[in-house]
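Below is one structure; the comments refer to it alone.
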Amino acid sequence: DTAVSQTPKYLVTQMGNDKSIKCEQNLGHDTMYWYKQDSKKFLKIMFSYNNKELIINETVPNRFSPKSPDKAHLNLHINSLELGDSAVYFCASSRLASGGYNEQFFGPGTRLTVL
Amino acid sequence: AQKVTQAQTEISVVEKEDVTLDCVYETRDTTYYLFWYKQPPSGELVFLIRRNSFDEQNEISGRYSWNFQKSTSSFNFTITASQVVDSAVYFCALSRNNAGNMLTFGGGTRLMVKP
Chain F
191 DTAVSQTPKY LVTQMGNDKS IKCEQNLGHD TMYWYKQDSK KFLKIMFSYN
241 NKELIINETV PNRFSPKSPD KAHLNLHINS LELGDSAVYF CASSRLASGG
291 YNEQFFGPGT RLTVL
Chain W
9 AQKVTQAQTE ISVVEKEDVT LDCVYETRDT TYYLFWYKQP PSGELVFLIR
59 RNSFDEQNEI SGRYSWNFQK STSSFNFTIT ASQVVDSAVY FCALSRNNAG
109 NMLTFGGGTR LMVKP
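If you're matching them up, the sequences are chains F and W in order.
Reading the first sequence from the start, the letters are residues 191 to 305 in the working numbering.
Reading the second sequence from the start, the letters are residues 9 to 123 in the working numbering.
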């Protein structure tokens, strides 16, 4: 069974469109994350979310919004897509302990290409 | 602010050679957590190890070993007798004791092991 899954694996779209990427975890974790990996492989946190708190990296444009229908899902919505949004987006999950102790488990990634 | 530096962008070795991947971090926190992740050519991110800031014991797991030195703010990773399957991008990451467990990643080191 896949621990953290993302759909779609590939997403090609036009500038200006709105799109969503879905993420599901079956690990029973209570915290989920979104990361962006650019073309140079640099990984950057976008959001950290549990049922009590959403933490947003200050560099993330407000066109990006996480939406969590329940503890097992954290979807990423992107409005008005721009060329610079092209990247691989990774979802991750972990148990929320006191502090950043627990390792995060990552999904397979979604490669977004904006034309 | 936190920062993780992996000065080696790419390393190329011949199979069976030993190789060390360097990681230097910056943080003002006294409690923090360090991680290594592997990203093989298939693209997924695989957790390798976690280390707490108050635990400076080195760790060995098969051909992998990690050397954590707070005095030099380093958390280096050594692969002994490298194999072609070790070819991947390796990321060092840092997590604070709060702030939603978000990981700050280094830029990654691409390791190429040639037969």
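Using N, Cα and C, we set each Cβ at its ideal position, and we do this for glycine too.
query, result
"Give the DSSP-derived three-state secondary structure of Ala94 of chain W in the structure shown.", "According to the sequence shown, residue 94 of chain W is Asp rather than Ala. Helix at Asp94 of chain W."
"Applying a beta-carbon distance threshold of less than 9 angstroms, which residues of chain F neighbour Glu3 of chain W?", "Nothing about residue 3 of chain W can be reported from this structure: the residues present for chain W run from 9 to 123 only."
"Could you tell me which of W:Met120, W:Glu64 and W:Phe62 sits nearest to Val93 of chain W, measuring between CA atoms?", "W:Met120"
"For Gly70 of chain W, would you say it is in contact with chain F, using Cβ-to-Cβ distances shorter than 7 angstroms as the test?", "no"
"Does any residue of chain W have a CB that is nearer than 7 angstroms to the CB of Leu233 of chain F?", "yes"
"Does Gly218 of chain F have its Cβ less than 7 angstroms from a Cβ in chain W?", "no"
"Express the C-alpha separation of Ile68 of chain W and Ser79 of chain W in angstroms, rounding to a whole number.", "20 angstroms"
"At the 7 angstroms Cβ level, is Val12 of chain W part of the contact set with chain F, yes or no?", "no"
"What in chain W is Cβ-close to Ile306 of chain F, meaning under 8 angstroms?", "A question about residue 306 of chain F goes unanswered here, because the residues of chain F that appear run from 191 up to 305."
"What do you reckon, are the CB atoms on Asn265 of chain F and Asp208 of chain F nearer than 7 angstroms?", "no"
"Rounding to the nearest angstrom, what Cα-Cα distance links Leu53 of chain W and Val97 of chain W in this structure?", "9 angstroms"
"Any beta carbon from chain F within less than 7 angstroms of Val97 of chain W's own beta carbon?", "yes"
"Excluding sequence positions up to five away, which residues of its chain have a Cβ less than 7 angstroms from the Cβ of Lys261 of chain F?", "Asp220 and Asn241"
"With 16 as the cutoff for other CB atoms within 10 Å, does Ala101 of chain W come out buried or exposed?", "buried"
"With DSSP as the reference, please indicate the residues paired to Arg128 of chain W in a beta bridge.", "Residue numbering for chain W in the displayed model covers 9 to 123; residue 128 of chain W lies beyond these limits and cannot be assessed."
"Based on Cα-Cα distance, which residue from W:Thr28, W:Pro48, W:Phe43 and W:Ala89 lies nearest to Asn292 of chain F?", "W:Phe43"
"Looking at chain A, is there any beta carbon in it that lies within less than 7 angstroms of the beta carbon of Leu42 of chain W?", "Absent from the structure is chain A; the protein chains it does hold are F and W."
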